[in-house]
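Chains as they are written, first to last, in full-length UniProt numbering: chain P, 1 to 507; chain C, 1 to 507; chain H, 1 to 507.
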């Protein structure tokens, strides 16, 4: 469809949208406008840029997907059960969706979110889908809107825009598809052309689903689904749940853990266990990326305090500051790539956390500092060629000020892609523009989709490939880069860098 | 005028401008270059974007102006006296203008700024106008330049560029206009097509001008000029002027205020008084948006300390931190929309404040934190559908990092438009690009002009409508949005969102 | 070469680049691709912008170079010896280059970096050049890549892209050129059309090279190379090297310095000495730009503590906070322009500093605050028309939030250009977009190259002139500015502002 046609096909604007805080739907113009994905979408309209963007995207469009960091539940691939219905697949697990609806006054209850005591007010998936569909206009101009349109169109073949009016029709269409064998998880995995998919798993996880996948007759996927070692829970010694987490670690480890030394040994052993099931990386989330070496005596004292349930938030901060250095050391020994995801204040909305539990779309970033905070870790291991430490951030001000200068110097450091709220068209553009001039492209690690929404994986990679192609096309059109170099870079960003940095080329 | 003509009409560059620190004027090339406002101004030159931008702008260009936050003096509309002459109307009240001239070495005295003891050195409006005109080149590339050009051209019909050479001619032309009935304040108000104009008023203000407007025979404007409740002065308990402010509040309230409880009751009563005269909103300026609930005992003790003239800056900080929560609570009860404008260090230039008093263009932003600071208020009232809390910022780093994630979750939160220094072409673009992908459009509240420069109101709305049309056109040209949706959004940004969020649709 | 040709000439992408941490080279496609500098490079491809950008650039392209701040070693111009060979000229002194190579796993040793005890592993310039050339692809999309391509092409006439394959050929070509008289430093200085070049020199420097240049028969350059007074070393009282620095200052001053008063007097005397050799400016680097007036007693006590070798980091912070105010005062007296370069954590990589010494590409920016920190200095001297204080930053978040509002008010303040990591295409664009709307153009000071890489000077000015021309062209194409005004501004940014602000027009 030509650009002119898109313009010409415009219908008169509907009546002004109200910005009310209730969940009511408003008449949405003609029913069933077509859902069209323009082949040049997300490219700059300038012909000199668009021409090159098309050429570069064409080089990467069909490359397999490397998914080195994400949150897909491995159970779906272990059991390969059919997805139940559209709402459970597309709405319920996606906190991007319900945070937006909640922000506009849709109650959690209307979205089927259970309270902590298990009460669920709205149990009908179709009713929840209707609420979602009638509010789908809220996602205009957002990456969620881009991803969902692409899922609907490309994965499920939906050809009408999702609105309150088309809600039922689209629901039925997807539900019918989900019942067919072609829409089972493994079939989709193959159709998505996923070369490797890393999940994210607790340190105490025995990884039964990964074992089941490996043991299954699914030849295609047996070596393509790997775990990632994320020991956050056992580092948070101030949490009431910590004794429970330690006990789980003891069970997985198969021995009591009564000293800090034993704790470290258990972590090292668990890492080997993960590696045996294909893991190439670890992941760590902290509020601040503060690192500071403590004496063995201090660490032992903190550990015993924690065991007595007496660790404070300040104790945990110190504990984590030392542990990050130890975890980097372990990586120099076992070769696991270390990922650091700092700066999210989890469960900011206290009443919501109290009523519905954690992970309800209320994680809010805080300003984050890397230059001072990482100094101790980098002094210890930053020059070690055996370490790969990938930094992520929710604080874009650190891209050009701290992260690019750090990654442009320390051999161990690499920069993860634009993360979470910034994994968007403008967010990825800002990332490239603010990182590249100091760190270059080769100190970055390509894309990762970081999603628990399995069906959104292709859409997310496609958006990233389009954005990167368009960014490189801008460099070519401004004669900063020739097309041959741009082609190599496009492929590196879409495939090579993720594959090599996460060491999937070595397995 | 076509783009080619603009290029072709170029005159040879004049001699290099000196960057001297004195106020002398320099020969400015040919006298009386034409002042031309290009119909496509502020749109990207790319034809695919410009075509859509024009179409979207055409939808919003003639919509009435909603002015929900600003600083116009209601007296001008109450008396409807003719504006005295150009300098008093356009230069003296505009701190954007004299801050720039002062920064380039023009003394305050030469601009007619009186010292605190009332001394005024330069009393001739025409002489001040000449200084302004001969330095007008300083505003190239600034929003002030855009607004003033538009005022001169569209409001006053001036057809030559303002320079030292054309100063007198332009002055005379405007002065002549100001003498005619068509340029009286109420006539301009109607000509500007202002649907509603909110002023900003102290808590102790008895609002005589608002009463006069309502009591007048000005049918058009009687219900269109409304006050806004801004109690900042009575919250700043560490200021030497606080006892005076409290006394003024007591007079307005009609009863002594000798306890914190009485203080809160007086605020609640004053809010009802404002509401009776049409107010739909309150406004609050604090250095930090810190919120923290205090015990009743603490608040009573702070209040009594303040009455004794013993409150410190730290006391005031604590007082304000609790008061913001109380004010949010009051909003849940009376329905007044709450606006928060934090982060400006007022009167940064101590010698200037000592000599000339406050508000002399020396308010400088500081880095501002929202995630931690607002947590207590949001835990108390952020999930309450009765509250609308509109956040503003002078710290653009918080757009994507804190404000959009907060507004994209909490039902009570909305984001005010790009504020003050950022109410500019690039500033508004950065705002849209950094806010929309996480918060969407519908968690923002449209435009407000925030000005005391009455005649600049149409120019400010026009710039915002052009910038938003152009931004939306970029999304359409990149196929992120179809034109029908873009049309709805353009109208929402220009009119609907401000009208509904500030509840002008309910009165 | 037309844009279409650039696209058409593309060769198929080579095999994916590995992101390994060793220094091995990879086959780089066809040997000897041509190195082409497109005449429209760095301009937006949009025809409406490009047309104007060309016109504006044509006005500034051949203007002489004003270099008011940089780090060229004056010895090269004093002796005028031939540069030894390409590696010593282009690679060794450029920390932009070896930081990137080191970040990708190339050991310092392989780059000929000596350890502190003087050990050098790789002594062959040609071998080091080969390592550099085979990793040159790392600089794709970076300003270093832009500068080096321009140096190779325009200064040395190289016509092939630098790769592992062309390394020797390019090396030989440059080496041959360097042996000829036309490539002696003074000849290049004249060929580069440098109107004035300021070096950066320690307070205790007797400036023998500047004296030699003035005493030489080099008429062209005798008054064009001037020193800059940078007393950082004698302000860092907590450094172990401070007594040594003080002793050096005493020798230069010719008298013992045993009190703080004497210390200030010595600084004032040294400034006069620099002025006599043409200096028009001072320069100051601090971690934080904190200013705070101390009592004479405090300063005397700190000074004596420092003399006893007992000053702590906190003492130094206080000492510097007061000294910055004193240095501003001295500038009001002697008229030297004051430059402030804060916010770099020097030698962040402790093991590298221990092994190889300082300045090994491990200076990392930290978040920097100006509004609160500069308040004391500005209260003392910010309204004084005799002071020019030029602020620089590595923290781009301060451009719009703090620096532009400060410079848009205080007569003494001006903003230095985008600095260091931000002296890049995107960095300069962000600077203009974030600074101009509040501070205007005339509160900025034009470009400075800030380089120790002598041969990169023309390339750096050319990039800045292109970026500024393109930025102004965007304003013209969006009808924010007419072409006549844009021409004046282009010239101001390229030449006038640096010349007048640094007072080179007065000598």
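Glycine included, C-beta positions come from ideal geometry on N, C-alpha and C.
Closest by C-alpha distance to residue i, when choosing among the options
| i | options | result |
| --- | --- | --- |
| residue 131/C | 109/C, 462/C, 143/C and 114/C | 109/C |
| residue 68/H | 138/H, 248/H, 143/H and 417/H | 417/H |
| residue 434/P | 289/H, 49/H, 143/H and 129/H | 143/H |
| residue 427/H | 54/H, 56/H and 141/H | 141/H |
| residue 442/H | 160/H, 415/H and 137/H | 415/H |
| residue 296/P | 169/P, 280/P and 259/P | 259/P |
| residue 323/P | 334/P, 307/P, 204/P and 299/P | 299/P |
Where residue i falls: helix, strand or coil (DSSP)
| i | result |
| --- | --- |
| residue 177/H | helix |
| residue 345/C | strand |
| residue 485/H | helix |
| residue 461/P | helix |
| residue 412/H | coil |
| residue 504/C | helix |
| residue 26/P | Unreliable positioning characterises residue 26/P in this predicted model, as indicated by a pLDDT of 42, which lies under 50. The coordinate reading is nonetheless provided below. Note: residue 26/P maps to coil in three-state DSSP. |
| residue 71/C | coil |
| residue 8/H | The pLDDT assigned to residue 8/H is 32, lower than 50, so where the model puts this residue is not dependable, and the model offers no usable value. |
Per-residue burial, residue i [other beta carbons within 10 Å of its own, 16 or more giving buried]
| i | result |
| --- | --- |
| residue 254/C | exposed |
| residue 119/H | exposed |
| residue 354/P | exposed |
| residue 271/P | buried |
| residue 424/H | buried |
Minimum Cβ-Cβ distance from residue i to chain C less than 8 Å
| i | result |
| --- | --- |
| residue 62/H | no |
| residue 194/P | no |
| residue 410/H | yes |
| residue 415/H | no |
| residue 451/P | no |
| residue 373/P | no |
is_contact[residue i, chain H] using C-beta, thresh 8 Å
| i | result |
| --- | --- |
| residue 34/P | no |
| residue 3/P | Low per-residue confidence applies at residue 3/P: pLDDT is 35, beneath 50, and the placement is therefore not dependable, though the value from the model is reported in the following sentence. Answer no: the Cβ-Cβ gap between residue 3/P and chain H never drops below 8 Å. |
| residue 397/C | yes |
| residue 500/C | no |
| residue 102/P | no |
| residue 431/P | no |
| residue 107/P | no |
is_contact[residue i, chain P] using C-beta, thresh 8 Å
| i | result |
| --- | --- |
| residue 497/H | no |
| residue 131/H | no |
| residue 345/H | yes |
| residue 134/H | no |
| residue 366/H | yes |
| residue 465/H | no |
| residue 43/H | yes |
heavy atom of the ligand HEM below 7 Å from residue i C-beta
| i | result |
| --- | --- |
| residue 406/C | Here there are no bound small molecules, and the ligand HEM is not part of this structure. |
Within the chosen definition, does the region 479-496 of chain C reach the region 210-219 of chain C through at least 3 CB pairs nearer than 8 Å? no
Segment contact, 8 Å Cβ cut-off, at least three pairs: the region 92-108 of chain C with the region 52-67 of chain C: no
Does the region 197-212 of chain C come within contact of the region 316-324 of chain C, defined as at least 3 CB pairs closer than 8 Å? no
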